[in-house]
Amino acid sequence: MDRQAIIQWLRETEPNRLSELWRLADDLRRREVGEQVHLRGLIEFSNYCRRNCGYCGLRIDNREVERYRMCESEILGCAEQARSFGYGTVVLQSGEDCGFAADWLARIIERIKQTTGLAVTLSLGERAEADLRTWKAAGADRYLLRFETANPQLFEHIHPPVGGEKSDRIQLLRTLRELGYEIGSGVMIGIPGQTFEDLAVDLETFRELNLDMIGVGPFIPHQATPLHAEFMAAQDRPEQVPNTEAMTYKAIALARLLCPRANIPSTTALATLNKATGRELGLQRGANVVMPNLTPPEYRAMYEIYPAKACIAETAEQCHGCMKRRILQLGRKLGVGPGHSPNFRAPHLAEQSTASAWPPA
Ligand code: SAM
Ligand code: SF4
Numbered sequence: 032m033d034r035q036a037i038i039q040w041l042r043e044t045e046p047n048r049l050s051e052l053w054r055l056a057d058d059l060r061r062r063e064v065g066e067q068v069h070l071r072g073l074i075e076f077s078n079y080c081r082r083n084c085g086y087c088g089l090r091i092d093n094r095e096v097e098r099y100r101m102c103e104s105e106i107l108g109c110a111e112q113a114r115s116f117g118y119g120t121v122v123l124q125s126g127e128d129c130g131f132a133a134d135w136l137a138r139i140i141e142r143i144k145q146t147t148g149l150a151v152t153l154s155l156g157e158r159a160e161a162d163l164r165t166w167k168a169a170g171a172d173r174y175l176l177r178f179e180t181a182n183p184q185l186f187e188h189i190h191p192p193v194g195g196e197k198s199d200r201i202q203l204l205r206t207l208r209e210l211g212y213e214i215g216s217g218v219m220i221g222i223p224g225q226t227f228e229d230l231a232v233d234l235e236t237f238r239e240l241n242l243d244m245i246g247v248g249p250f251i252p253h254q255a256t257p258l259h260a261e262f263m264a265a266q267d268r269p270e271q272v273p274n275t276e277a278m279t280y281k282a283i284a285l286a287r288l289l290c291p292r293a294n295i296p297s298t299t300a301l302a303t304l305n306k307a308t309g310r311e312l313g314l315q316r317g318a319n320v321v322m323p324n325l326t327p328p329e330y331r332a333m334y335e336i337y338p339a340k341a342c343i344a345e346t347a348e349q350c351h352g353c354m355k356r357r358i359l360q361l362g363r364k365l366g367v368g369p370g371h372s373p374n375f376r377a378p379h380l381a382e383q384s385t386a387s388a389w390p391p392a
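Using the numbering used here, you'd call the opening residue of the sequence shown number 32 and step up by one each time.
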C-alpha cells in the first residue's frame, strides 16, 4: 500500500468502504495472529518524570501532580497478581524517572522472572544504552517506546530536548532491537499540527521499523499542558488529523494491514473516548492485545497522563473480570502463554523463525 492509498483510507468517510477496511483488518488479524487476545498486566510503578512533553500530564512542570514510586514488594505483589489472573506478561511503565538505580530495577526484573516466569515489558522512556543492556541481561523481554510522530519538527516541538540533548526515539528503537528486545512503538492520533500526510508517514514508519508491537491511541488534551491550547486552535485547519474514535480505528486497521504479524493493543486512550465499546471495536478492527491495569488504586489517579482516563477507579480484580468478560463475549479466546510477537526473531533464534510456529495449534 503506498502513501496515497493510506491517505485515502485515512480520509474515507463512506460507511460501506469503512466496513470493508474493518473486514480486511479483522480477516488479516485472524489469519496472522489468531483468535487469542493477549492480556498484559500494566504496572504504572512511578510517575516521576524529568521530561516536559507538551502533551502529557506527568511533565515535570506540572506541579499539581503528587509524585509516587512503588517499592519493590508492591511491584512484586502486582506481578504475582498478574500470574494468578493467568496473564502472560507484565508491563513496567513509568515516567522518565532518574530517581532509581538501574540495578534496583534489574533486581525486580530478575525476581519477577524467578517467581512468576512472566514475560516482562519495559516502558520507561529514553534510557542510557548501558541501563537497557543491564535490564535485558536481567531478563526483560520487550520495550515499548512510542516515537509519537515521525515528523521531526513536530516531534521536537511536542517533546522538547532535556539538557540540550535532542531525542531520537527511532534510533533508540533500532538500538533496542540490537540489544535483543522485542520492540514496540506507536503514535498519538490527532496531535495538534499532525497532518494526514504525517500520519501516513507514521504508518509507513511502523512497516519500515518492522515493529513487533504497535500502540496507537487518540491524543487527549490535558488542561495542565501547552498542547491543550494548541489543540483548540488547530481544530478548524483542513489538514489537521482529528483525534476521534473513527480516526483511531482507521490507524489500528491500517497498522494491521501494513504489519500483519505485529501485536496491536486496543488501548486505554481509545477506551477513554468510548467507555462502552471502544475496546471491543478496537479488537474487531485489527487489535489482538489488551492491557488491564494492575496499578494499586491509591496510585492510579496520580498517573494522570490525560484526563478522565478509563479504569481509573477500578481495582485490578475489577479490570481483570471486565476484560475477560468482554473478550469472551466477542467470541475470542483468552491468550495463553507469554504471547511473544510472531514477528519477533530473537538473535539466538536467528536460524529458526518464531513466526513459523504461529498461531499455536
Ligand atoms: N514515559 C514513557 C514514555 O514517554 O515513553 C512511558 C510512559 S508515557 C505516559 C506513555 C505514552 O502515553 C506516551 O508514549 C504517549 O504516547 C502517551 N500519552 C501521553 N500523554 C498523552 C495524551 N495527552 N493523550 C494520549 N496519549 C498520551
Ligand atoms: Fe514523561 Fe513519558 Fe509523560 Fe513525556 S510522555 S512527560 S516522558 S511520562
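Cβ atoms here follow ideal geometry from the backbone N, Cα and C, with glycine treated the same way.
Item to check | Of the residues G130, T236, D134 and P252, the one placed nearest D33, counting alpha carbons only | outcome: Ranking the options by Cα distance to D33, first place goes to T236.
Checklist entry - Helix, strand or coil: how does DSSP classify D33 here? => result Assignment of D33 by DSSP, reduced to helix, strand and coil, places it in the coil class.
Next on the checklist: At a cut-off of 7 Å, would you count L73 as near the ligand SAM, judging by its Cβ distance to the nearest heavy atom?
Outcome noted: Exclusion of L73 from the 7 Å shell around the ligand SAM follows from its C-beta lying no nearer than that to any non-hydrogen atom of the ligand.
Next on the checklist: Once DSSP output is grouped into helix, strand and coil, what is the label at C84?
Outcome noted: The answer is coil: DSSP assigns C84 none of H, G, I, E or B.
Item to check | Alpha-carbon spacing of P327 relative to P46, whole angstroms | outcome: Our two residues, P327 and P46, have alpha carbons roughly 41 Å apart in a direct line.
Next on the checklist: If I measure Cβ to Cβ from A231 and keep anything under 7 Å in the same chain, skipping five residues before and after, which residues do I get?
Outcome noted: Excluding sequence neighbours, A231 sits near R34, I37, I38 and L41.
Checklist entry - Within 10 angstroms of its Cβ, does V367 collect 16 or more other Cβ (buried), or is it exposed? => result Using a 10 angstroms sphere on the CB of V367, the tally of other CB atoms stays under 16, which defines it as exposed.
Next on the checklist: For L59 and P373, what's the separation of their Cα atoms in angstroms?
Outcome noted: Computed Cα separation, rounded: 14 Å.
Next on the checklist: My parser needs the beta strand (DSSP E) runs of 3 or more residues fully inside the stretch 89 to 139; what are they?
Outcome noted: Runs found: 120 to 125.
Item to check | Span separating the alpha-carbon of L207 from that of H351 | outcome: Approximately 30 Å, taken between the alpha carbons.
Checklist entry - First and last residue of the alpha helix (DSSP H) that includes Q360? => result Per DSSP, Q360 belongs to the alpha helix (DSSP H) from A347 to Q360.
Checklist entry - Can you list, in chain order, the residues of its chain whose CB lies under 6 Å from that of T279, leaving out five sequence neighbours each side? => result So the list reads I220, P249 and L301, once near-sequence residues are dropped.
Checklist entry - Are the CB atoms of P296 and V320 nearer to each other than 8 Å? => result The answer is yes: Cβ separation under 8 Å.
Checklist entry - Which residues share a DSSP beta bridge with M320? => result It should be noted that the sequence gives Val, not Met, for residue 320. According to DSSP, V320 bridges with H69 and P296.
Checklist entry - For T256, is the classification buried or exposed, using 16 other Cβ atoms within 10 angstroms of its Cβ as the cut-off for buried? => result Burial state of T256 is buried, judged by a 10 Å Cβ sphere holding 16 or more other Cβ atoms.
Next on the checklist: By the three-class DSSP mapping on this structure, what secondary structure does P327 have?
Outcome noted: Collapsing the DSSP output to three states places P327 in coil.
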